[in-house]
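K.L.:
Dropping the structure in here first, questions after.
Number of protein chains: 2
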Amino acid sequence: MEQKIIDLLKRSSLSITDSRKKILESFFQENSALAHADIEDYVGEDFDRVTIYRTLQTFVDKGIIHTIPTPDNAVLYALCKDSCSAGHHHDNHVHFICDNCNKTFCLEHVVVPTVHMPVGFAASQIDMVVSGICNYCNATT
Amino acid sequence: MEQKIIDLLKRSSLSITDSRKKILESFFQENSALAHADIEDYVGEDFDRVTIYRTLQTFVDKGIIHTIPTPDNAVLYALCKDSCSAGHHHDNHVHFICDNCNKTFCLEHVVVPTVHMPVGFAASQIDMVVSGICNYCNATT
DNA sequence: AACATTTTGCAACATAGTTGCAATAGTGTA
DNA sequence: TACACTATTGCAACTATGTTGCAAAATGTT
Numbered sequence: 558m559e560q561k562i563i564d565l566l567k568r569s570s571l572s573i574t575d576s577r578k579k580i581l582e583s584f585f586q587e588n589s590a591l592a593h594a595d596i597e598d599y600v601g602e603d604f605d606r607v608t609i610y611r612t613l614q615t616f617v618d619k620g621i622i623h624t625i626p627t628p629d630n631a632v633l634y635a636l637c638k639d640s641c642s643a644g645h646h647h648d649n650h651v652h653f654i655c656d657n658c659n660k661t662f663c664l665e666h667v668v669v670p671t672v673h674m675p676v677g678f679a680a681s682q683i684d685m686v687v688s689g690i691c692n693y694c695n696a697t698t
Numbered sequence: 558m559e560q561k562i563i564d565l566l567k568r569s570s571l572s573i574t575d576s577r578k579k580i581l582e583s584f585f586q587e588n589s590a591l592a593h594a595d596i597e598d599y600v601g602e603d604f605d606r607v608t609i610y611r612t613l614q615t616f617v618d619k620g621i622i623h624t625i626p627t628p629d630n631a632v633l634y635a636l637c638k639d640s641c642s643a644g645h646h647h648d649n650h651v652h653f654i655c656d657n658c659n660k661t662f663c664l665e666h667v668v669v670p671t672v673h674m675p676v677g678f679a680a681s682q683i684d685m686v687v688s689g690i691c692n693y694c695n696a697t698t
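Chains as they are written, first to last, in this note's numbering: chain P, 558 to 698; chain X, 558 to 698.
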């Protein structure tokens, strides 16, 4: 894990710092998308709030994570797949929010469908967020 | 307009107050979705910030307006069509955000497509937000 | 190890949204 | 129209979230 994280940082030409390692670790540890507050909880008192904001912004810029829009307007972040590179995200998959456990997942294999736009409208990006019950909650209740 | 607004409030069994009239007016006046700040600008100094928050919440509860999730996580509100009733929204249409003029529109006639969920996931609500260039901006540039 | 460059922490600030409570305005009834 | 009852509003205070400038500390390079 430690090595995987260091490799990822090097590949993105970022210097290896404690906060970056810890924050990336939180994403690999949890398998769902994380809110800023989740990360703050995970890293504990080790790092300043501001550092987390800046680190997340850096990761987004470098294509390591992407943001997810949610209906309740909380900012969520999730790891990008390897195909993402700096400034060129490929996160055209559907995001799923579980109403039960409240976790958010990337449905990597569910591609956002195209829709037919009215005359005059030109689409450049499409976000799709589905909410409901996730597979884990469905299996255990 | 005044009468249309009063009728709408009565139909929702809400008392007719100055702030409710003024805030509804802002939605009928502008044809796009509005952020809290837009409404604050529109009503000026007439009403307290808190009143606007509470009024918007009331309108959402009564099915007069609905919220729109946006990729940059600003809360937007737009008028519901008549088919919406209290606690039972039918806003299953696509929302469009113009990257040029920054306005958000309800594409009432573009229905959110269904997508095939992975095994174990049950979808209950789908939000779709498209960004690009709107018909007005495409026509004038 | 020494230096230049990044990154971090702190303080201060800005914006967004919430809550309790007293004052005010709106509604139905006589 | 006046009254009383209820709903709504404004104020103050508070929490949460996010940003910026600058000095101190850590990182990468030689």
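Glycine residues also receive a C-beta, built at the ideal position from the N, C-alpha and C atoms.
Buried or exposed: where does I580/P fall if 16 or more other Cβ atoms within 10 Å of its Cβ makes it buried?
P.N.:
Classification for I580/P: buried.
K.L.:
For chain P, find out if any of its Cβ atoms is closer than 7 Å to the Cβ of C691/X; answer yes or no.
P.N.:
So, interface residue.
K.L.:
Is R577/X buried or exposed, if buried means 16 or more other CB atoms sit within 10 Å of its CB?
P.N.:
Classification for R577/X: buried.
K.L.:
Kindly indicate which three-state DSSP category A679/P falls into: helix, strand or coil?
P.N.:
Strand at A679/P.
K.L.:
Here's the rule: buried if 16 or more other CB atoms are within 10 angstroms of the residue's CB, otherwise exposed. What is D684/P?
P.N.:
So D684/P counts as buried.
K.L.:
Given that A590/X touches chain P, what residues does it touch there, using C-beta distances under 7 Å?
P.N.:
By Cβ distance, chain P contributes nothing, its closest Cβ being about 13 Å from A590/X, past 7 Å.
K.L.:
Between the beta-carbon of S569/P and the beta-carbon of I622/P, is there less than 7 Å?
P.N.:
Not in contact: S569/P and I622/P (Cβ atoms no closer than 7 Å).
K.L.:
Leaving aside the five residues before and after N657/P along the sequence, list all residues of the same chain whose C-beta is less than 6 Å from its C-beta, in chain order.
P.N.:
So the list reads I690, C694, once near-sequence residues are dropped.
K.L.:
So which of S589/P, N692/P, V607/P has the shortest CA-CA distance to L636/P?
P.N.:
The residue with the shortest Cα to Cα distance from L636/P is S589/P.
K.L.:
Output yes or no for whether 7 Å exceeds the beta carbon distance between V672/P and V672/X.
P.N.:
No, Cβ-Cβ distance for V672/P and V672/X is not below 7 Å.
K.L.:
Within the 7 Å Cβ cut-off, does H593/P reach chain X?
P.N.:
Chain X contact via Cβ: absent.
K.L.:
Can you round the beta-carbon distance between L566/X and Y634/X to whole angstroms, since I take them to be within the 8 Å contact cut?
P.N.:
Actually they do not touch by this definition, with Cβ atoms about 16 Å apart.
K.L.:
Could you tell me the boundaries of the beta strand (DSSP E) in which H666/X lies?
P.N.:
That run of the beta strand (DSSP E) goes 661 to 668.
K.L.:
Relative to the alpha-carbon of T697/X, which residue among G677/P, R606/P, E665/P has its alpha-carbon at the smallest distance?
P.N.:
It is G677/P.
K.L.:
What does H666/P touch in chain X if you count any residue whose Cβ is under 9 Å from its own?
P.N.:
Those within 9 Å of H666/P in chain X are P675.
K.L.:
Could you give the DSSP three-state label for H593/X: helix, strand or coil?
P.N.:
Helix.
K.L.:
Quick check: is the beta carbon of Q586/X nearer than 7 Å to any beta carbon in chain P?
P.N.:
No, Q586/X does not count as interfacial toward chain P.
K.L.:
Just the C-alpha distance for A631/X and C655/X, rounded to the nearest angstrom, thanks.
P.N.:
Answer to the nearest angstrom: the Cα atoms are 14 Å apart.
K.L.:
If I'm right that T661/P touches T627/P with Cβ under 8 Å, what's the distance once you round it to whole angstroms?
P.N.:
With a Cβ gap of about 7 Å, T661/P and T627/P count as contacting.
K.L.:
Can you tell me where the alpha helix (DSSP H) with C694/P in it begins and where it stops?
P.N.:
Its alpha helix (DSSP H) spans residues 692 to 697.
K.L.:
Taking the continuous beta strand (DSSP E) assigned at T671/X, which residues delimit it?
P.N.:
T671/X -> no beta strand (DSSP E), and no H or E assigned at all.
K.L.:
For I683/P and chain X, any beta-carbon pair shorter than 7 Å?
P.N.:
At least one chain X Cβ lies under 7 Å of I683/P.
K.L.:
Contact criterion: CB-CB distance below 7 Å. Does N657/X meet it with respect to chain P?
P.N.:
Not closer than 7 Å to any Cβ of chain P, the Cβ of N657/X fails to qualify, so no.
K.L.:
Counting C-beta neighbours from all protein chains within 10 Å, is the total for V600/P 16 or more, i.e. buried, or is it exposed?
P.N.:
Classification for V600/P: buried.
K.L.:
Hey, out of I562/X, L571/X, Q682/X, whose CA is closest to F653/P's CA?
P.N.:
Measuring from the Cα of F653/P, the nearest candidate turns out to be Q682/X.
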